[in-house]
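Working notes, beginning with the structure itself.
Numbering (my numbering), first residue to last: 4 to 277.
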C-alpha cells in the first residue's frame, strides 16, 4: 500500500487541495528528478522532490520528514542511467534535518514542506477496517486512529460526540507497550454484535463489552497501517484534505477545521466555474 502524497497531490494536477501548496506544482525537470529518486531509493518512501530557490538544491519528502539533496548537472544528464547501484555517486550530498531559511524575507522555507509531509491520501485508507459512524448529513469526514485504553482518546471521543453532520471512520490501534490489555479490549469491541455501540460504551460510558474476542479482527492490519503512515501515538486524526493532527482536539477546533475545508472547497469550485 503506497501512502505517498499521491500523484495528483505530488504533481499538482487534479487534487483540489493541492492548490493550497505551491510546493506540489512540479515542472518537468522536477518530475523527472522525483521519478529517479523513487527508482533509486525504493525503500525510502520518497514522496516529493522539488528544486528550491537555490539552483540544484532539492527539497525532498522522505516518509513524513523533509530532507535536502544536491542535484548536479552531471546527475541531470544521467537521470535515465541512475539505479540503486550507482545512486550514491549521483545523489551524493544530502542534508538531513534542520531548517532552510530565507533571512531577507525572514521566512522558514521548510515549514510548508513539513506540513505537506504529514499529509496522506485519505482515499487510500482501508475504511472497511474502520468502525464507521454517521451523524446528520455527514457533510464532513474525520479519520481517527485510537486506543480504547488511551485517556486522551477517550477525552477526544467526548468532543466528537458534540459534532454534527459528520462521518467518522475510527481505526482501533491499541498501543500494547503502554496498555497491555488494549488489544484484547479492541478485539472484543470488533467482535461485538454492534461495534459502534460497543466502542461508544467503552469510550464514553466506561462500559466494556462482555462478549469474547472470538472473531477475525483487523487489528494486525491496523497496526501495519500505523507504521506505513508513520503514526507515533494516539489519538491521531486525519481530515478530508489529508491534514494530520496528533493528539487531542476540542470539538470547536475540529469544527473550525471543517469550516476551513468547506471554504477551501467552495473557493476552488468558484474558480472552476469561472
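Ideal Cβ positions, reconstructed from N, Cα and C, are used throughout, including at glycine.
By the DSSP assignment, the alpha helix (DSSP H) with residue 138 in it spans what residues? Premise fails: residue 138 lies in the beta strand (DSSP E), 134 to 138, not in any alpha helix (DSSP H).
Going by other Cβ atoms of all chains shown within 10 Å of its Cβ, with 16 needed for buried, is residue 96 buried or exposed? exposed
Secondary structure of residue 33, DSSP reduced to three states: Reduced to three states, the DSSP call for residue 33 is helix.
Do the region 155 to 175 and the region 236 to 253 meet, that is, are 3 or more Cβ pairs less than 8 Å apart? yes
Among residues of its own chain, excluding the 5 on either side of residue 35, which ones have a beta-carbon nearer than 7 Å to its beta-carbon? 82
Per-residue burial, residue 177 [other beta carbons within 10 Å of its own, 16 or more giving buried]: buried
Assign residue 212 to buried or exposed, taking buried as 16 or more other Cβ atoms, counted over all protein chains shown, within 10 Å of its Cβ. buried
Per DSSP, what kind of secondary structure is residue 24 in: helix, strand or coil? Unreliable placement is indicated for residue 24, whose pLDDT of 48 sits below 50; no coordinate value is reported for it.
Can you round the beta-carbon distance between residue 257 and residue 175 to whole angstroms, since I take them to be within the 8 Å contact cut? That pair is no contact at about 20 Å.
Proximal residues to residue 255 (C-beta, below 7 Å), its chain only, five neighbours per side dropped: none
Give me whichever residues DSSP pairs with residue 111 in a beta bridge. According to DSSP, residue 111 bridges with 104.
Assigned secondary structure, residue 172 (DSSP; H/G/I helix, E/B strand, else coil): Per DSSP, reduced to three states, the secondary structure at residue 172 is strand.
Taking the DSSP output, what are the residues bridged to residue 52? Looking at the DSSP assignment, residue 52 forms a beta bridge with 63.
Same chain only: Cβ atoms within 8 Å of residue 140, ignoring 5 sequence neighbours per side: 168
CA-to-CA distance, residue 85 to residue 38, given in whole angstroms: Between the alpha carbons of residue 38 and residue 85 lies a gap of roughly 11 Å.
Give me whichever residues DSSP pairs with residue 98 in a beta bridge. 71
When DSSP labels each residue in this structure, what does residue 152 get in the three-state scheme? coil
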